[in-house]
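Residue numbers (this note's numbering): 5 to 132.
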């Protein structure tokens, strides 16, 4: 079973690999993000699977070459009976084309050490 501490590390690595390293085909992503992973970003329709999520993310990142996520904190919990867990990643994002800085909370659901669902909320906090 995956511990809350391990989930925190996995969530941190997932966000860093996808958003800062932009290594969408990394072995880490292949191993720890389910092929059926679905994500809901703001008020947009959810992605249907990992491939659609990666396409959506990589398209957005192409338009923001200086985008960077600064993770401030990660909180996680695991239900020992089901093996399901949740991790909340609190971060500050910069590098948007219009110069804004946003804070975000990404809520990731896990089955063991595999992310199965993600949702985020974001708020503009300043201009660069």
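Using N, Cα and C, we set each Cβ at its ideal position, and we do this for glycine too. Nothing here was measured: the structure is a model prediction, and the numbers come from that model.
With a CB to CB cut of under 6 angstroms and the five nearest residues on each side skipped, what residues in its chain are close to residue i?
i: residue 131; result: 103, 104
Taking all protein chains shown into account, do 16 or more other C-beta atoms lie within 10 angstroms of the C-beta of residue i, making it buried, or fewer, making it exposed?
i: residue 46; result: exposed
i: residue 89; result: buried
i: residue 36; result: buried
i: residue 7; result: exposed
i: residue 70; result: exposed
i: residue 9; result: exposed
i: residue 5; result: exposed
i: residue 110; result: buried
i: residue 66; result: exposed
i: residue 4; result: Shown here, the chain extends from 5 to 132; a query on residue 4 therefore has no answer.
Looking at the unbroken beta strand (DSSP E) that takes in residue i, where does it start and where does it end?
i: residue 43; result: 37-45
i: residue 127; result: 118-131
Here's a check: name, in chain order, each residue in its chain whose Cβ is nearer than 7 angstroms to the Cβ of residue i, leaving out the five neighbours to either side.
i: residue 68; result: 99, 100, 101
Do residue j and residue i come within 9 angstroms of each other at the CB atom, strictly closer than that value?
i: residue 80; j: residue 12; result: yes
i: residue 15; j: residue 93; result: yes
i: residue 96; j: residue 106; result: yes
i: residue 39; j: residue 26; result: no
i: residue 23; j: residue 73; result: yes
Taking the DSSP output, what are the residues bridged to residue i?
i: residue 81; result: 90
i: residue 15; result: Answer by DSSP bridge pairing: none, since residue 15 is not bridged.
Could you give the residue range of the alpha helix (DSSP H) that holds residue i?
i: residue 112; result: Counting along the chain, residue 112 falls outside any alpha helix (DSSP H), though it belongs to the beta strand (DSSP E) covering 104-115.
i: residue 65; result: 54-66
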